[in-house]
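In the UniProt record's numbering, the protein residues as written are 1 to 303. Cβ coordinates follow ideal geometry from the N, Cα and C atoms, glycine included. Keep in mind the model is a prediction, meaning the values are calculated, not measured. Data first, discussion second: the structure below is written as structure tokens.
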């Protein structure tokens with residue numbers, strides 16, 4: 001079977017140890033002293049799902065085997081977008097409280113296979129990750145990974161952006177202040193009640209798929225918007241800004257995190273029965289007929 005694997009999709013290359021049973025079967029019998037190496041790579045399945053697969057190559061001598069391993073490892077080293085050292089935050093209470101297990105069983109082995117070193121912080125309270133990001137030496141990391149839901153991503157995003165503005169002397173309370181761009185990427189391992197950001201950027205809510213995207217250095221830029229009131233900074237957001245009914249649901253559900261994802265159904269039903277009504281005025285400017293990109297330096301002032 002032919003197997004074509006782009007270098008950009010190779011996860012790791014390792015020498016393969018052959019046991020006695022392998023040596024006495026199939027094509028190995030034709031070689032006096034067979035040597036082999038295994039290539040671990042990304043296998044793309046349906047519905048944007050990725051999996052780690054592998055293929056083993058055998059060589060007639062040890063020297064040739066080592067040459068192949070060395071050549072492939074040098075090519076992998078040239079993939080500069082790949083992370084080498086990551087800071088990982090795990091929310092052990094998000095979703096169905098499976099964040100720690102998901103990371104340890106599904107993600108950590110893949111990071112280890114790809115020779116990615118990690119510093120892991122298991123959060124103990126709200127805003128733990130955000131506060132920690134104001135203290136750690138972020139310059140030694142290639143990226144920050146959050147294991148949790150949209151709330152965990154928001155916490156890490158606020159911590160990183162806030163840290164960059166603090167280090168640069170930028171006042172976040174000034175809505176006209178030019179913010180310093182954050183060059184540190186955020187990786188999301190979905191393990192929360194809602195995984196909207198992960199699903200909209202990767203195409204599926206799957207921890208293994210997200211881990212493989214992080215390993216190969218994939219990057220999806222996002223526009224970030226800020227909310228101010230009376231020259232006071234309130235929040236950053238990338239997905240949606242809710243007011244009224246939706247805001248009341250989130251506020252009420254925060255007190256019921258112990259319920260897991262079911263808290264949204266309960267709070268939604270409770271808020272609906274309260275028959276609150278909301279008033280507000282929306283002002284907007286029509287978007288210009290010009291294409292923009294999250295990677296450009298222009299600030300979005302329309303739309």
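Just tell me which of the options has its CA closest to the CA of residue i.
i, options, result
"residue 111", "78, 216, 180, 67", "216"
"residue 82", "98, 249, 57, 117", "117"
"residue 268", "245, 279, 282", "245"
"residue 211", "238, 167, 198, 288", "198"
"residue 13", "49, 189, 77, 274", "77"
"residue 57", "3, 42, 105", "3"
"residue 226", "177, 288, 169", "177"
"residue 87", "136, 80, 109", "136"
"residue 293", "119, 62, 221, 46", "221"
"residue 15", "48, 69, 47", "69"
"residue 119", "103, 89, 93", "89"
"residue 167", "157, 179, 175", "179"
"residue 182", "200, 223, 191, 175", "223"
"residue 319", "191, 79, 109, 157", "Since the first and last residues shown for the chain are 1 and 303, residue 319 lies out of range."
"residue 80", "104, 5, 218, 208", "218"
Where does residue i land, buried or exposed, given buried means 16+ other C-beta within 10 angstroms?
i, result
"residue 242", "exposed"
"residue 155", "buried"
"residue 101", "exposed"
"residue 240", "exposed"
"residue 134", "exposed"
"residue 185", "buried"
"residue 262", "exposed"
"residue 195", "buried"
"residue 37", "buried"
"residue 50", "buried"
"residue 253", "buried"
"residue 299", "exposed"
"residue 64", "exposed"
"residue 286", "exposed"
"residue 206", "buried"
"residue 296", "exposed"
"residue 34", "buried"
"residue 7", "exposed"
Could you give the C-beta distance for residue i and residue j, rounded to a whole number, given that I count them as a contact under 8 Å?
i, j, result
"residue 121", "residue 214", "With 8 Å as the limit, residue 121 and residue 214 do not qualify as a contact, their Cβ atoms being about 17 Å apart."
"residue 60", "residue 39", "Actually they are not in contact, since the Cβ atoms of residue 60 and residue 39 sit about 18 Å apart, beyond 8 Å."
"residue 163", "residue 204", "In fact, because the Cβ distance is near 30 Å, the residues do not count as touching under 8 Å."
"residue 193", "residue 277", "Contact flag wrong, Cβ pair sits at about 27 Å."
"residue 75", "residue 11", "Contact doesn't hold; Cβ gap of about 13 Å is too wide."
"residue 48", "residue 202", "7 Å"
"residue 228", "residue 141", "That belief does not hold up - the Cβ atoms of residue 228 and residue 141 are roughly 29 Å apart, past 8 Å."
Does the Cβ-Cβ distance between residue i and residue j come in under 7 Å?
i, j, result
"residue 159", "residue 129", "yes"
"residue 143", "residue 187", "yes"
"residue 152", "residue 231", "no"
"residue 248", "residue 271", "yes"
"residue 147", "residue 95", "no"
"residue 53", "residue 44", "no"
"residue 189", "residue 107", "yes"
"residue 233", "residue 165", "no"
"residue 41", "residue 17", "no"
Can you tell me whether residue i is helix, strand or coil according to DSSP?
i, result
"residue 248", "helix"
"residue 213", "helix"
"residue 37", "strand"
"residue 102", "helix"
"residue 268", "helix"
"residue 20", "Any answer about residue 20 is weak, because its pLDDT of 48 lies below 50 and its placement is not dependable; what the coordinates show is given next. Reduced to three states, the DSSP call for residue 20 is helix."
"residue 148", "strand"
"residue 9", "helix"
"residue 198", "helix"
"residue 57", "strand"
"residue 3", "coil"
"residue 273", "helix"
"residue 143", "strand"
"residue 257", "helix"
"residue 14", "strand"
"residue 49", "coil"
"residue 186", "strand"
"residue 233", "strand"
"residue 208", "helix"
"residue 29", "Unreliable placement is indicated for residue 29, whose pLDDT of 49 sits below 50; no coordinate value is reported for it."
"residue 138", "helix"
"residue 228", "strand"
"residue 117", "strand"
"residue 42", "strand"
"residue 180", "coil"
7 Å is my cut-off, CB to CB: does residue i come that close to chain D?
i, result
"residue 95", "Although the question refers to chain D, the structure presented lacks it and comprises just one protein chain."
Would you say the beta carbon of residue i is closer than 6 Å to some non-hydrogen atom of the ligand ADP?
i, result
"residue 62", "Among the components modelled here there is no ligand, and therefore nothing to report on the ligand ADP."
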